[in-house]
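Contents: one structure, followed by commentary.
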Amino acid sequence: MSPIGVFDSGYGGLTVLREIRSLMPHYDYLYLGDNARAPYGPRSFERVYEFTLQAVCRLFDMGSPLVILACNTASAKALRTIQQHDLPSLDPSRRVLGVIRPTVEAVGDLTLTRHIGIVATQGTTSSRTYELEMAKLHPDIAVTSQACPMWVPLVENYEFDGSGADYFVQRDIQTLLERDPLIDVIILGCTHFPLLYNKIRAYTPTHVKLISQGEYVSRSLEDYLRRHADIEARLSRGGHARFLTTDDAAKFASAATVFLGSSVLAEQTSL
Ligand code: DGL
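Right, here's the structure in full:
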């Protein structure tokens with residue numbers, strides 16, 4: 530197998546995998562969740578880079594010619610260094626892509642007020658990666674980023690539907706909209722956050738659009754593969770997905786089954 534590798538700190542990347550698979554079901558996929566070390570959001574640049582590089586190496590070792598970092602924190606803190614520093618010595622014929630650039634590309638057509646909000650982990654907001662990418666692609670758009678450090682732990686602990694989530698979601702959305710009342714689009718800039726969609730929607734005025742990344746990342750990947758026939762030709766086409774986690778396999782499998790809507794077998798691995 531030469532699967533498309535999909536990496537996240539935990540369950541969040543499943544929201545991206547679900548969209549990629551539904552658009553391109555014919556490829557094989559290898560998902561790796563570093564649940565044992567999630568969340569990555571509060572971790573330093575050095576740690577997120579170290580862990581992400583380990584994950585990329587594992588996915589390469591298992592045959593992936595192309596790895597998607599389905600994690601904003603890893604995309605913000607590790608992608609550039611891996612692309613520029615590590616890939617040339619690891620294997621320059623392979624590719625590692627992130628989720629921030631395709632999201633920023635898409636948002637230009639979605640905002641009328643040209644004021645957007647980003648909800649993300651502390652790691653993503655402090656890196657300012659969204660602001661930097663937005664300034665390059667859409668310099669007329671004002672960006673306000675809100676760190677939501679409690680949201681990933683709520684998802685990783687299966688509390689995304691519980692009443693505990695209401696307090697933190699309401700507080701953080703309210704703070705964001707007070708900081709910039711002209712916001713008409715909020716990017717869910719963490720792949721865990723679509724799992725909190727119903728809560729976020731409930732506390733966000735209806736005229737504000739909520740953007741989940743899976744749809745945009747999957748379309749961007751399809752376009753990438755159309756433009757990079759050399760990579761596309763190396764991908765195997767069995768329609769299978771395999772799931773690896775650094776924590777308990779049974780726990781991962783039951784969560785993934787809920788998040789993906791179909792039953793999943795998971796295997797434990799260490800990095
Ligand atoms: N799902 C991740 C992201 O998109 C990671 C969150 C975390 O581990 O803190 O940022």
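For what it's worth, the working numbering labels the leading residue of the sequence shown as 530, then goes sequentially.
From the three backbone atoms N, C-alpha and C, an ideal C-beta is built for every residue, glycine too.
Checklist entry - Are the CB atoms of V545 and T653 nearer to each other than 7 Å? => result no
Next on the checklist: Could you tell me the alpha carbon to alpha carbon distance between L552 and S747, rounded to whole angstroms?
Outcome noted: 7 Å
Checklist entry - Nearest-angstrom Cα distance between A770 and I702? => result 35 Å
Item to check | Other residues of its chain near L764: CB distance less than 8 Å, five sequence neighbours each side excluded | outcome: S531, P532, I533, Y556, D557, P594, L595, L754
Next on the checklist: If I follow the unbroken beta strand (DSSP E) through G541, where does it start and stop?
Outcome noted: First-last for G541: undefined, no H or E at that position.
Next on the checklist: Restricting to Cα atoms, I'd like to know which of F589, I549, I597, D590 is closest to S538.
Outcome noted: I597
Checklist entry - Expressed to the nearest angstrom, what Euclidean distance is found between the alpha-carbon atoms of S604 and P682? => result 19 Å
Checklist entry - Which first and last residues belong to the alpha helix (DSSP H) in which V577 is found? => result 574–590
Checklist entry - How far does the beta strand (DSSP E) with R624 in it reach, from first residue to last? => result 624–626
Checklist entry - Between the beta-carbon of F689 and the beta-carbon of L717, is there less than 7 Å? => result no
Item to check | T642 versus V714: straight-line alpha-carbon distance, rounded | outcome: 9 Å
Checklist entry - What's the gap between the Cα of S749 and the Cα of A778? => result 31 Å
Next on the checklist: On the DSSP letters alone, give me the boundaries of the alpha helix (DSSP H) that V636 sits inside.
Outcome noted: 629–636
Checklist entry - Of all the options H757, I740, F788, which has the alpha carbon lying nearest to the alpha carbon of A649? => result I740
Checklist entry - Is the beta carbon of D759 within less than 6 Å of some heavy atom of the ligand DGL? => result no
Next on the checklist: I'd like to know if the segment 606–622 and the segment 572–588 are in contact, where contact means that at least 3 CB-CB pairs between them fall below 8 Å.
Outcome noted: yes
Item to check | Contact belief for I647 with Q675 at Cβ below 8 Å, rounded distance in angstroms | outcome: 7 Å
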